[in-house]
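Q: Here it is, the structure, as structure tokens.
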Amino acid sequence: MAQIVIIQTHSPYNHAKARESLDLILALAAVDHQVCVIFTGDAVYQLPSVNTDHPRPLKAFQKSFGLFALYEIEHCLVCANALRARALNEQNLPEGFIAVSETAIKDALANAQHIIRC
Amino acid sequence: MTRFSLLLTQSPLANQSFASALQFANAAVAQGYAIEHIFLYEDAVLAAAAMDLPTDEPNLAAALAQFCQQQRIALLYCVTAAEKRGVVADSTGNYVAAGLAEFAMRLENTKLVQF
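If you want it as structure tokens, here you go:
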């Protein structure tokens, strides 16, 4: 079992990266790696809740964030500065996600055995 | 002796990531290190498709496949990422279809380098 940090840097819909990094996170956690996910930069746009009542051509993959607890992914860190710079509210994060300082993010990176940037 | 896992996520046609990975792998093997496997994810899976490039363009996908064959290094691509891009693997069998779980399991006791 390795400690793996996944750094999410992309917004939800203008790349396949956000969706595919979610697949990767769940696969790593499924084989008992200890996974920490960091959302920074435009990746924080993945976090506001999505209105799925209207038909839309893009998959609302963010619903799968709800699986993190099931996969025992306990560390979901969101860069507070990135939220602030985009006028997003720290209070409306998905359950279990916490806004943290850049120092806390550096600490998480320092403790990782593997780092994957998505 | 350190064993490396390499993760490629960018297209073989759009930037230097395949060239950098190949250079790294060559240097590692030359220094006596082992490459446990090379895994292609996201746009890197395009390398698994049959490609017919202009003759004056470097074919980095073929160069990587040749290197892995010579060194007997597992060269895997994510089958799900390939399917999402409509990629059908070429008939050489140099690139082997695999799931993300295999990548996750092969990370054990290796150092991961991403390109």
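Protein sequences, first through last, are from chains G and E.
Each residue of the first sequence is one higher than the last, beginning at -12 in this note's numbering.
Each residue of the second sequence is one higher than the last, beginning at 9 in this note's numbering.
Even for Gly, the Cβ is constructed at its ideal location relative to N, Cα and C.
Quick one: is residue 51 (chain E) buried, meaning 16 or more other Cβ sit within 10 Å of its Cβ, or exposed?
A: Residue numbering aside, residue 51 (chain E) sits at position 43 when the second sequence is read from its first letter. Buried.
Q: Is residue 81 (chain E) helix, strand or coil by DSSP?
A: Residue numbering aside, residue 81 (chain E) sits at position 73 when the second sequence is read from its first letter. In the structure shown, residue 81 (chain E) sits in coil (DSSP, three-state: anything other than H, G, I, E or B).
Q: Going by CA-CA distance only, name the one from G:95, G:23, G:100, G:89 that's closest to residue 63 (chain G).
A: Stepping through the first sequence from its first residue, residue 63 (chain G) is reached at position 76. The candidate whose alpha carbon is nearest that of residue 63 (chain G) is G:23.
Q: Comparing the C-beta of residue 41 (chain G) with each C-beta of chain E, is any distance below 9 Å?
A: Numbered from its first residue, the first sequence carries residue 41 (chain G) at position 54. So no, residue 41 (chain G) is outside the interface.
Q: Excluding the 5 residues preceding and the 5 following residue 21 (chain G) in the sequence, name in chain order all residues of the same chain whose CB lies nearer than 8 Å to its CB.
A: Translated into positions along the first sequence, residue 21 (chain G) becomes position 34. Taken in chain order, the residues that qualify are -12, -11, -10, -9.
Q: Counting along the chain, where does the alpha helix (DSSP H) carrying residue 119 (chain E) start and finish?
A: Here residue 119 (chain E) refers to the residue found at position 111 when the second sequence is read from its first residue. Careful: residue 119 (chain E) lies outside any alpha helix (DSSP H), inside the beta strand (DSSP E) at 119 to 122.
Q: For residue 57 (chain G), which three-state DSSP category applies?
A: As a working note, residue 57 (chain G) is residue 70 in the first sequence. Note: residue 57 (chain G) maps to coil in three-state DSSP.
Q: Which residue comes first and which comes last in the beta strand (DSSP E) that contains residue 21 (chain G)?
A: Here residue 21 (chain G) refers to the residue found at position 34 of the first sequence. Residue 21 (chain G) -> beta strand (DSSP E) spans 21 to 26.
Q: Measure the alpha-carbon distance for residue 36 (chain G) versus residue 65 (chain E) and round it to whole angstroms.
A: Here residue 36 (chain G) refers to the residue found at position 49 of the first sequence. Here residue 65 (chain E) refers to the residue found at position 57 of the second sequence. Whole-angstrom Cα-Cα distance: 45 Å.
Q: What residue from E:100, E:107, E:79, E:101 has the CA that sits closest to residue 49 (chain E)'s CA?
A: Here the question's residue 49 (chain E) lines up with position 41 in the second sequence. For residue 49 (chain E), the nearest C-alpha among the options comes from E:107.
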